[in-house]
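Protein chains in written order, with the numbering used here: chain A, 1 to 342; chain B, 343 to 679.
For every residue, glycine included, the Cβ atom is placed at its ideal position computed from N, Cα and C.
These figures come from a predicted structure and were not determined experimentally.
Notes follow once the structure below has been shown.
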Amino acid sequence: MSAAKGAPDLVLKATAITRRFGGLVAVNKVDFEIPRGMIAAIIGPNGAGKTTFFNVVAGIYAPTEGHIEINGKRLISPPTGASREPALLLVPLIPFIGLALYFLLVVGGLAGFYEGVLSVVLALLGFVSVLLLTIVRPLWYVRFIKRFGITRPARPNDMVEAGLARTFQNIRLYKSMTVLENILVGAHVHLRSGFLGTIFQTRRTRDEEASVERESRELLAFVGLAGTENEIATSLPYGKQRLLEIARALAGKPQLLLLDEPAAGMNPKETAEMTALIRRIRDEKNITILLIEHDMRVVMGISDRITVLDHGEKIAEGQPAEIRSNPKVIEAYLGRGAASGH
Amino acid sequence: MATATGTVRTERVRGQFFLPAVITGFLALMLGLLGFEQFLNAMTLGAIYALIALGYTMVYGIIELINFAHGDVFMVATFVSIAVSTTLLGQTGAVLDIPTLIISLIVLFTVTIVVMALVGALIERLAYRPLRNAPKLAPLITAIGVSFILQNIIQFFVGPYITNVPQLFSTQWAFTIGESRVPLLNLFVIGSALFLMVVLQLFISRTKTGRAMRTTAMDRDASSLMGVDINRTIMITFLIGSGLAGAAGVIHGLYYGNTTFTLGFQSGLKAFTAAVLGGIGNTAGAALGGFLIAFVEVGAAAFGFGRWGGAIVFSLLVVFLIFRPTGLLGSSTGDRA
Numbered sequence: 001m002s003a004a005k006g007a008p009d010l011v012l013k014a015t016a017i018t019r020r021f022g023g024l025v026a027v028n029k030v031d032f033e034i035p036r037g038m039i040a041a042i043i044g045p046n047g048a049g050k051t052t053f054f055n056v057v058a059g060i061y062a063p064t065e066g067h068i069e070i071n072g073k074r075l076i077s078p079p080t081g082a083s084r085e086p087a088l089l090l091v092p093l094i095p096f097i098g099l100a101l102y103f104l105l106v107v108g109g110l111a112g113f114y115e116g117v118l119s120v121v122l123a124l125l126g127f128v129s130v131l132l133l134t135i136v137r138p139l140w141y142v143r144f145i146k147r148f149g150i151t152r153p154a155r156p157n158d159m160v161e162a163g164l165a166r167t168f169q170n171i172r173l174y175k176s177m178t179v180l181e182n183i184l185v186g187a188h189v190h191l192r193s194g195f196l197g198t199i200f201q202t203r204r205t206r207d208e209e210a211s212v213e214r215e216s217r218e219l220l221a222f223v224g225l226a227g228t229e230n231e232i233a234t235s236l237p238y239g240k241q242r243l244l245e246i247a248r249a250l251a252g253k254p255q256l257l258l259l260d261e262p263a264a265g266m267n268p269k270e271t272a273e274m275t276a277l278i279r280r281i282r283d284e285k286n287i288t289i290l291l292i293e294h295d296m297r298v299v300m301g302i303s304d305r306i307t308v309l310d311h312g313e314k315i316a317e318g319q320p321a322e323i324r325s326n327p328k329v330i331e332a333y334l335g336r337g338a339a340s341g342h
Numbered sequence: 343m344a345t346a347t348g349t350v351r352t353e354r355v356r357g358q359f360f361l362p363a364v365i366t367g368f369l370a371l372m373l374g375l376l377g378f379e380q381f382l383n384a385m386t387l388g389a390i391y392a393l394i395a396l397g398y399t400m401v402y403g404i405i406e407l408i409n410f411a412h413g414d415v416f417m418v419a420t421f422v423s424i425a426v427s428t429t430l431l432g433q434t435g436a437v438l439d440i441p442t443l444i445i446s447l448i449v450l451f452t453v454t455i456v457v458m459a460l461v462g463a464l465i466e467r468l469a470y471r472p473l474r475n476a477p478k479l480a481p482l483i484t485a486i487g488v489s490f491i492l493q494n495i496i497q498f499f500v501g502p503y504i505t506n507v508p509q510l511f512s513t514q515w516a517f518t519i520g521e522s523r524v525p526l527l528n529l530f531v532i533g534s535a536l537f538l539m540v541v542l543q544l545f546i547s548r549t550k551t552g553r554a555m556r557t558t559a560m561d562r563d564a565s566s567l568m569g570v571d572i573n574r575t576i577m578i579t580f581l582i583g584s585g586l587a588g589a590a591g592v593i594h595g596l597y598y599g600n601t602t603f604t605l606g607f608q609s610g611l612k613a614f615t616a617a618v619l620g621g622i623g624n625t626a627g628a629a630l631g632g633f634l635i636a637f638v639e640v641g642a643a644a645f646g647f648g649r650w651g652g653a654i655v656f657s658l659l660v661v662f663l664i665f666r667p668t669g670l671l672g673s674s675t676g677d678r679a
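Laid out in structure tokens, this is it:
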């Protein structure tokens, strides 16, 4: 919000997002920006396209048109690069399969034991390297295939890596895992130690495990769940499960947090606590927040800026006071008569 | 709250000692009933079933697909192991010195496991991933199709005969314990299978990727929003499952000495039964189920009902499906909607 004019520090920039489902236009050419440090809300009547827009931002749906930047990094551009990652990626496998067969059947069959071992190992290396490339997809490999126009629409995990996290309207914790394990899953993108490190308990792995566990406990304390680490997630009461979901989202160290109806199904006391928590997340962790919420008291009380969607289009955007008195908004919610004062 | 936590803790403690106690008791009983040599046979057979069953159960756990092609992946593995060992040793058969044996085994296992892991991942990429969001019946029928494709490929290139597998282990290598003779081969088979299972358990329970596999099984969408790459996780599941089938293929070749292109059907069906008995989706359960089925079969043979082995195993499956459809251990992959 306080960034210099002309170059605002945008956490999210969505340009001309359109999403169609068959003939239905759920979201129609919506431009949307959030400066760093803002608490922004999206409201709208049922079926206005809020959740669809949310899902496009989170990468669950690819937009039919338009693109999204998170932290200045462009993530979705299907209209220009409109291609899925094709089976073309398997093409580099073919020479290696050929090589392996050649070694196995032609060279190996005629050679002695140690040449046999060598040829088999060589062919294997070819196999493994290509396999690792197509599965692990290191950055330089992705850049390389992009030269041939091979891109794929960003998926949710790409969004998470770019600095986004979200919670769900209906709680989706991992039911049979403990509270702590749920949070560890949230930290997935930041964990580096691999299989061998875990098996042999190298120093790096132990350090990482210790620091992640410490951070997780801090997060639990932050949302007010200290001391519940080893309980099974679903044994917590409803309100605390919602808090756990937020803690799990925070474990990914996001810069933008999407909250889908954070106060749904809460009593007034829990709602007040949730509102305070959302503020603290912004103030203390410096995380930008975008939320969808039906409870107008929450929306009006907490948001710096409110965007109103109706029939998939943005009809208003501004501070809570402006939105409250905007005739278009009143019309969208209450019908034409209410706005003109019949 | 406090009481709820208390119950959970006691249940966990009880679970910790209950299962090992039951397994130990069962093994002791079987040892007494069958005698040492039959016991060893059952353990070896069980190791093979368990390794295949793990592939079924992991794939089911993560994408709820009964991968009927998995038995045939195992069958192809036996042929890959033939190709590798003839490459290394020619058609000569038994290896006579220990260093050559060790190198051959390492190369044989590594190559077969890696090649089969690749075949499994390739099948997933080409046949199952395009149907990820299709109705569940579509990938199921595709799996049956893939099964036939694999069988026919082998039939075309190798022929419909029973093929001999080069034997790396000499039958002379054996220990004697009391009255009984313990071939080195059996010990190796059981040991390597148990080793792979332990490594798998560690991988699933302790590593980042293992955790991603468990969470993907529980809630795919939520996991992708935690930053888990779903496609990659599912592919790794296929890699591991098929790799284990590869190991089972090598072991089968070493132990039985022959293979044919229809091998996958019978073994696959038995291993699938093992996965269901153990609680499909549960890796520990699949391993237990594999050994249980092997003991039932070997037990039937030992008491003179050898021909009834299959019938008894599948009757057991029916009984389980009626009285305990979640299997021995239930599903550890969380509630499924």
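So, at 6 angstroms on beta carbons, what are the nonlocal neighbours of residue i in its own chain, with the 5 sequence-adjacent residues on each side left out?
i, result
"B:Leu605", "Met417"
"B:Met539", "Ala629"
"B:Phe517", "Val524"
"B:Gly397", "His412, Gly583, Leu586, Ala587"
"A:Ala165", "Ala249, Gly252, Pro254, Leu257"
To the nearest angstrom, report how far apart residue i and residue j are at their CA atoms.
i, j, result
"B:Met577", "A:Arg74", "27 angstroms"
"B:Val415", "B:Gln493", "9 angstroms"
"B:Gly585", "B:Asp563", "27 angstroms"
"B:Leu581", "A:Leu10", "41 angstroms"
"A:Leu309", "A:Phe32", "11 angstroms"
"A:Arg214", "A:Asn230", "14 angstroms"
"A:Ile312", "B:Asp561", "Strictly speaking, residue 312 of chain A in this sequence is Gly, with Ile absent from that position. Near 29 angstroms, if we compare the C-alpha coordinates of B:Asp561 and A:Gly312."
"B:Thr484", "B:Gly462", "14 angstroms"
"A:Ile330", "A:Ile70", "32 angstroms"
"A:Thr52", "A:Gly318", "21 angstroms"
"A:Ile171", "A:Gly23", "31 angstroms"
"B:Leu596", "B:Phe511", "8 angstroms"
"A:Ile42", "A:Glu245", "20 angstroms"
"B:Gly403", "B:Gln543", "14 angstroms"
"B:Gly632", "B:Ile495", "28 angstroms"
"B:Phe656", "B:Leu382", "23 angstroms"
"A:Val121", "B:Thr442", "16 angstroms"
Between residue i and the rest of its own chain, which residues show a CB-CB distance below 8 angstroms, the 5 nearest in sequence each way excluded?
i, result
"A:Glu161", "Val189"
"B:Phe537", "none"
How about residue i and residue j: are their beta carbons less than 8 angstroms apart?
i, j, result
"B:Thr579", "B:Tyr503", "no"
"A:Ile292", "A:Phe21", "no"
"A:Ala187", "A:Gly252", "yes"
"B:Leu393", "B:Ala590", "yes"
"B:Ile654", "B:Ala636", "no"
"A:Val56", "A:Lys314", "no"
"A:Ile39", "A:Arg282", "yes"
"B:Thr625", "B:Ile546", "yes"
"B:Val640", "B:Leu387", "yes"
"B:Leu567", "A:Ala58", "yes"
"B:Val426", "B:Val449", "yes"
"B:Leu634", "B:Leu611", "no"
"A:Ser216", "A:Leu259", "no"
Based on Cα-Cα distance, which residue from the options lies nearest to residue i?
i, options, result
"B:Arg553", "A:Ser176, A:Glu229, A:Glu245", "A:Ser176"
"A:Asp158", "B:Gly621, B:Phe381, B:Ser565", "B:Ser565"
"A:Phe222", "A:Arg248, A:Ile232, A:Leu236", "A:Arg248"
"A:Glu208", "A:Leu219, A:Ile302, A:Leu191, A:Arg19", "A:Leu191"
"A:Tyr333", "A:Val25, A:Leu164, A:Pro45", "A:Pro45"
"A:Asn182", "B:Gly651, B:Arg574, B:Arg556", "B:Arg556"
"A:Ala233", "A:Phe200, A:Tyr174, A:Thr198, A:Ile289", "A:Tyr174"
"A:Ile17", "A:Gly49, A:Pro35, A:Gln169, A:Asp304", "A:Gly49"
"A:Ala26", "A:Pro35, A:Ile278, A:Thr64", "A:Thr64"
Using a Cβ-Cβ distance under 8 angstroms, would residue i count as near chain D?
i, result
"B:Gly520", "Here the protein chains are A and B, and chain D is not one of them."
Since I believe residue j is in contact with residue i (beta carbons under 8 angstroms), could you give me their beta-carbon distance rounded to a whole number of angstroms?
i, j, result
"B:Ile424", "B:Val507", "5 angstroms"
"B:Ala644", "B:Ala395", "Not confirmed; about 22 angstroms, so no contact."
"A:Leu219", "A:Leu12", "Incorrect: roughly 23 angstroms between the Cβ atoms, too far for contact."
"B:Phe410", "B:Ile486", "5 angstroms"
Just to confirm my understanding: we take residue i, look at its own chain, exclude 5 residues before and 5 after, and list those with CB closer than 7 angstroms. What are they?
i, result
"A:Thr271", "Ala263, Asp295, Val298"
"B:Ala469", "Thr484, Val488"
"B:Leu670", "Leu619, Gly620, Gly621, Gly627, Leu630, Gly631"
"B:Asn528", "Leu382, Thr386"
"B:Val660", "none"
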